[in-house]
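The next block holds one structure in the form of structure tokens; read it before the comments.
Chains as they are written, first to last, in our numbering: chain R, 2 to 274; chain W, 85 to 308.
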């Protein structure tokens, strides 16, 4: 179809191009300027000096450790869960679908409070755990549980979408060849969706690393025990601001690396049979 | 030999079929799209449960509604080739052929022999180490056929295996299917809606309409 002449007139084209450029520039600047400002607030010397700060090292170590553990739990349980959920019809499936997405729309602080009500010292489950000598709230375990609660939908949604797209002919063929359902899952389903699963896992790691609201409510802010990087940034507002800037720059660099990894690994399409 | 009596209520009609396929013989299930051909194969494979009936493959009852027998898919010893060849793209051609043998925990030496035998038989020796994702349509169907037959199934089922193939691939794959079924002496069910494929490949033809057999005859008489 040819364009109507009025739309391809030169002045109008210029106007459209200029309008588009302004729109793109405005949105990009709005997103990038605060991040750039962080880098200008620090100097390489200051950044490197703060890197050696025990508070920074402790927050960084705790954040990376808990995020890796959270991710491992989410992947190990979330992958088979998403697969079973996709492949079976069961009563209440629509409700389960909604519940999976709930942490995405729930304010993280509310999620933290809900976890505290259930697992806190006086909570429904927490009181028994405390009685047995294993308190949950305000421990490193609570940090991990908060991260899992908030970040798991990122992975499970991605896994569900991939399994839904996968042609059932692959699984049916593998079953007729004598493979058990577990073998089909491990040897066929997971390898065929691996690219997308990895990209989902990277996004999930990023979300766990940046978790703040649920963690501060449920795990508190104990240096070396529950004080993750975002919490250390918050604390720095009332203390050493440079430490906060250094941790923030670290978080930005990690986030950027995550986005690059997702771009490189992003393979949300699965092969057709 | 395959003996099957199948009843299943589908959305628009009731599937009610009864047929027998002798060893070394190819039964063609013909009919329009949605007549119940693929569902029939899926029921025999154990991928879709029937409401009633009895399925016996090589003397073993794999499904009997009356006796409550329902063998799982992986125990039915069926080679099933789908319209979309479904070769595993992340594996090489050899790995695809060996997949079923590994799944059935066959002896490694036997597995290696079978892989070489079927690479040779399908004339795809040169492709042994090639990733399946890189194969053409005709090559994929040969790999799918080799993979299905390498496990020495008691029954071969082919669901529109020639669609999407060019004329030359179509001719050579048909030939291979006929030879393999005759050599292995197993029953084969072949689903198609193309008369020319049925004519060249089948021994008997079962014409299905809305889940029922409306005509069953030898190929020569059917097209005579």
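All C-beta atoms in this analysis are idealised placements derived from N, C-alpha and C, irrespective of residue type, glycine included.
Note that this is a predicted model, so its numbers are computed, not measured.
Within 10 angstroms of the beta-carbon of residue 94(R) lie fewer than 16 other beta-carbons, which makes it exposed. Boundaries of the beta strand (DSSP E) harbouring residue 147(W): 144-148, taken from the DSSP string. Beyond the five residues adjoining it in sequence on each side, residue 253(R) comes within less than 7 Å, by CB distance, of 36 and 39 in the same chain, given in chain order.
Take the alpha-carbon of residue 233(R) and the one of residue 70(R): they are about 20 Å apart. Listed by position along chain W, the residues whose Cβ is nearer than 7 Å to that of residue 179(R) are 158, 184, 187, 188 and 235. Proximity of chain W to residue 192(R) at the Cβ level (cut-off 7 Å) is accounted for by 174, in chain order. Judged by DSSP in its simplified three-state form, residue 161(W) adopts coil rather than helix or strand. Excluding the 5 residues flanking it on each side, residue 199(W) has same chain C-beta neighbours closer than 6 Å at 178, 181 and 182, in chain order. At a cut-off of 8 Å, the C-beta of residue 229(W) has no neighbouring C-beta in chain R. Taken atom to atom, the span from the alpha-carbon of residue 73(R) to that of residue 288(W) is near 56 Å. Annotated three-state conformation of residue 103(W) is strand, per DSSP. The straight-line gap separating the alpha-carbon atoms of residue 263(W) and residue 129(W) is approximately 23 Å. Taking CB atoms only, residue 168(W) has a neighbour in chain R less than 8 Å away. Classified as exposed, residue 196(W) has fewer than 16 neighbouring CB atoms from the shown chains inside 10 Å of its CB. Per DSSP, the continuous beta strand (DSSP E) segment holding residue 139(W) begins and ends at 136-141.
Annotation: the continuous alpha helix (DSSP H) that includes residue 88(R) extends over 55-88. DSSP places residue 181(R) in the coil class of the three-state scheme, outside both helix and strand. Remark: C-beta atoms of residue 180(R) and residue 187(W) approach each other more closely than 8 Å. With 16 or more other Cβ atoms inside 10 Å of its own Cβ, residue 202(W) counts as buried. Residues of the segment 108-132 of chain W that bring their beta carbon within less than 7 Å of a beta carbon in chain R comprise 129 and 131, in sequence order. For the pair residue 230(W) and residue 254(W), the CB atoms are not nearer than the 8 Å cut-off.
Residue 281(W) has no beta-bridge partner at all, per DSSP. Nearest CB-CB separation between residue 160(R) and chain W: not below the 8 Å threshold. Its Cα nearest to that of residue 207(R), the residue 64(R) stands out among 53(R), 23(R), 64(R) and 186(R).
As the crow flies, the alpha-carbon of residue 167(W) is around 8 Å from that of residue 242(W).
In the structure shown, residue 135(R) falls within a coil segment according to DSSP collapsed to helix, strand and coil. The closest CA to that of residue 56(R), considering only 255(R), 258(R) and 230(R), is found on 230(R). The C-beta separation of residue 108(R) from residue 214(R) comes to about 7 Å, placing the pair in contact by the 8 Å criterion. The beta carbon of residue 166(R) lies closer than 6 Å to those of 271 in the same chain, with the five residues before and after it left out. Straight-line measurement puts the Cα of residue 61(R) at about 10 Å from the Cα of residue 210(R). Taking 8 Å as the threshold, the shortest C-beta distance from residue 130(R) to chain W does not fall below it. The shortest C-alpha to C-alpha distance from residue 222(W) to any of 171(W), 120(W), 144(W) and 125(W) is the one to 171(W). In the three-state reduction of the DSSP assignment, residue 243(W) falls in the strand class, which pools E and B. Against chain R, a Cβ distance below 7 Å from residue 270(W) picks out nothing, because the smallest value is about 14 Å. Out of 132(R), 196(R), 131(R) and 220(R), the CA that lies nearest to the CA of residue 163(R) is found in 196(R). Comparing C-alpha distances from residue 120(W) to each of 90(W), 214(W) and 239(W) shows the shortest one belongs to 90(W).
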